[in-house]
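Be aware that the sequence shown starts at 332, since it is given in my numbering, and climbs by one per residue.
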Amino acid sequence: MKITQQHIADLNKKEDTLFTSELDLITNRFAKKGVDVNSIIDKVAAFQVAIPSWALGAGGTRFGRFSYGGEPATLEQKLDDIGILHALTKSAGAVSLHIPWDIPQDYKAIKEVASGHGIIFDAMNSNTFQDQQGAKESYKHGSLSSTVAASRDYAIQHNLDVIKIGEQLGSKSLTVWLADGSNFPGQRNFQTVLKHAEDSLKSIYAGLPADWSLFIEYKPYEPAFYSTVIQDWGTSLMLANACGDRAYTLVDLGHHLPNTNIEQIVATLMYKGKLGGFHFNDSKYGDDDITVGSIKPYPLFLIFNELVYGMENNPQNPDLAWMIDASHNTKDPLEDLIQSLEAILIAYTQALLVNQDELRAAQQDNDVVKCQEILQDAYRTDVRPILKAARQKAGGAIDPLAAYRSLAVRSTLITERGSNSKATGL
Ligand SMILES: [Mn+2]
332 MKITQQHIAD
342 LNKKEDTLFT
352 SELDLITNRF
362 AKKGVDVNSI
372 IDKVAAFQVA
382 IPSWALGAGG
392 TRFGRFSYGG
402 EPATLEQKLD
412 DIGILHALTK
422 SAGAVSLHIP
432 WDIPQDYKAI
442 KEVASGHGII
452 FDAMNSNTFQ
462 DQQGAKESYK
472 HGSLSSTVAA
482 SRDYAIQHNL
492 DVIKIGEQLG
502 SKSLTVWLAD
512 GSNFPGQRNF
522 QTVLKHAEDS
532 LKSIYAGLPA
542 DWSLFIEYKP
552 YEPAFYSTVI
562 QDWGTSLMLA
572 NACGDRAYTL
582 VDLGHHLPNT
592 NIEQIVATLM
602 YKGKLGGFHF
612 NDSKYGDDDI
622 TVGSIKPYPL
632 FLIFNELVYG
642 MENNPQNPDL
652 AWMIDASHNT
662 KDPLEDLIQS
672 LEAILIAYTQ
682 ALLVNQDELR
692 AAQQDNDVVK
702 CQEILQDAYR
712 TDVRPILKAA
722 RQKAGGAIDP
732 LAAYRSLAVR
742 STLITERGSN
752 SKATGL
């Protein structure tokens with residue numbers, strides 16, 4: 332199924348035009364505060380988030396996985412699904428591939444499918460957290476940090492292979508997330524495994540093309556429940572510094588212990604020019620991987636406030652690789668992704684509404700109340716008319732979710748692919 336410009340134009344014609352008068356109200360209100368909403372519309376229209384190739388099927392837990400029907404069975408079909416998302420939202424113009432789940436068979440054909448949808452290949456993701464069929468070495472006791480040299484070498488080589496695949500697709504970065512850790516005290520020597528991880532990452536970095544970046548993701552626990560080798564941003568930053576200039580920390584929202592001040596982590600990393608990538612999701616308890624903004628929209632806004640500040644004030648930090656890293660256990664994955672994109676853009680837009688000069692002046696005056704008022708005035712603004720205007724300008728659907736349902740996308744996909752098709756992934 333492919334959504335055409337005509338589909339979008341027809342649906343947009345039927346859309347309620349009330350949002351334009353709502354937009355005028357916001358534009359006028361913020362003009363008085365010295366904030367130009369028209370330039371915000373352009374920024375929102377330009378914002379692109381990568382969709383991971385593993386997020387297009389139903390997710391699951393260790394207890395079970397329930398197919399949603401019409402799931403993409405091949406990489407081409409996954410790109411087609413992202414094409415649907417991008418046609419509707421105009422903000423999903425990139426895919427992040429997971430290797431070995433999505434090794435292209437025909438690179439030229441895959442690149443044509445992607446470019447036909449206006450999709451570029453963002454960060455590549457390696458996988459050393461599970462043994463593949465026929466694997467010569469096991470990751471049962473770790474990969475890049477394993478006590479077994481052959482397992483470390485095997486994991487390094489896998490990452491180098493992933494880079495080679497990415498090069499053929501036009502990707503420019505590799506994301507490494509390690510499941511390495513221990514389940515019981517005494518099981519591992521912390522210093523030894525950290526040294527192994529550092530040495531292995533340096534070997535991967537040495538094989539990185541000159542125009543590529545390495546993103547090092549961290550996570551405090553799971554699958555290991557006592558210790559994780561790259562457990563926090565400090566460890567990730569230390570390893571990135573050990574590798575070199577083109578190695579960066581990657582922040583995943585779900586990879587923090589409860590109540591961690593993620594916005595401060597973001598600010599610290601951008602100040603040092605070391606924030607490379609960002610993964611969106613939301614959580615109530617741990618790494619729940621649920622829809623962005625569904626539980627903690629205010630912290631998401633506070634994080635975006637720091638991201639926007641960093642993007643405007645930290646030229647030492649590279650452009651960020653944005654990606655949704657979520658799992659859709661009970662929802663239609665495409666609807667969940669539409670909701671996630673909406674939540675991301677809402678938080679981004681609200682952060683753009685903050686008058687940074689006014690905030691800085693209030694901070695300088697130690698006017699604590701005013702500082703809070705400035706942030707909350709932006710946060711409490713319903714910015715959805717700005718999103719609608721941005722999508723309309725970019726050629727997307729004014730209301731992507733309504734458009735998705737009115738075009739009966741899922742039932743069409745089920746007709747095309749069957750109700751038992753299953754996507755690769757977790
Ligand atoms: Mn992640």
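Note that the Cβ used here is the ideal one computed from N, Cα and C, for glycine as well.
Following a CB-centred definition, is residue i positioned closer than 8 Å to any heavy atom of ligand 1?
i	result
residue 453	no
residue 511	no
residue 659	no
residue 613	no
residue 447	no
residue 607	no
residue 633	no
residue 412	no
residue 508	yes
residue 553	no
residue 610	yes
residue 585	yes
residue 407	no
residue 684	no
residue 656	yes
residue 505	no
residue 581	yes
residue 346	no
residue 548	yes
Taking 7 Å as the limit between beta carbons, can you name the residues of its chain near residue i, skipping five residues before and five after?
i	result
residue 735	419, 665, 666 and 669
residue 672	380, 420, 422 and 423
residue 534	487
residue 585	612, 614, 618, 619 and 620
residue 469	462 and 482
residue 563	549 and 551
Is it right to say residue i is buried, meaning 16 or more other beta carbons lie within 10 angstroms of its own, or is it exposed?
i	result
residue 703	exposed
residue 399	buried
residue 651	buried
residue 578	buried
residue 523	exposed
residue 536	buried
residue 370	exposed
residue 483	buried
residue 501	exposed
residue 513	buried
residue 588	exposed
residue 447	exposed
residue 529	buried
residue 723	buried
residue 623	buried
residue 700	exposed
residue 554	exposed
Could you tell me which of the options sits nearest to residue i, measuring between CA atoms?
i	options	result
residue 631	648, 610 and 431	610
residue 332	751, 747 and 644	747
residue 393	468, 430, 740 and 660	660
residue 548	538, 454 and 496	454
residue 521	553, 557 and 533	557
residue 460	574, 473 and 451	473
residue 350	559, 374 and 718	718
residue 565	576, 551 and 575	551
residue 541	510, 563, 629 and 505	505
residue 532	553, 575, 515 and 516	575
residue 493	640, 642, 458 and 745	458
residue 674	554, 694, 732 and 465	732
residue 480	441, 517 and 526	526
Only counting the same chain, and skipping five residues up and downstream in sequence, which positions put a Cβ closer than 8 Å to that of residue i?
i	result
residue 714	357, 677, 680, 681 and 684
residue 568	580, 600, 603 and 605
residue 409	384, 387, 403, 426, 433 and 754
residue 397	389, 391, 660 and 661
Keeping to the same chain, check which residues put their C-beta closer than 6 Å to that of residue i; ignore five residues upstream and five downstream.
i	result
residue 402	388, 752, 753 and 754
residue 710	632 and 681
residue 637	594, 597 and 598
residue 647	604
residue 343	729
residue 364	686
residue 485	468
residue 428	384 and 455
residue 510	460 and 554
Does the beta carbon of residue i sit closer than 9 Å to a beta carbon anywhere in chain C?
i	result
residue 611	Considering every chain present, this structure includes no chain C. It has just one protein chain.
Entirely within the segment 546-624 and at least 3 residues each: give me those beta strand (DSSP E) ranges in chain order.
578-583 and 606-611
Ordered list of beta strand (DSSP E) runs contained in the segment 372-435, each at least 3 residues:
381-383 and 425-427
Counting only runs that start and end within the segment 697-755, where is the beta strand (DSSP E) found for 3 or more residues in a row?
none
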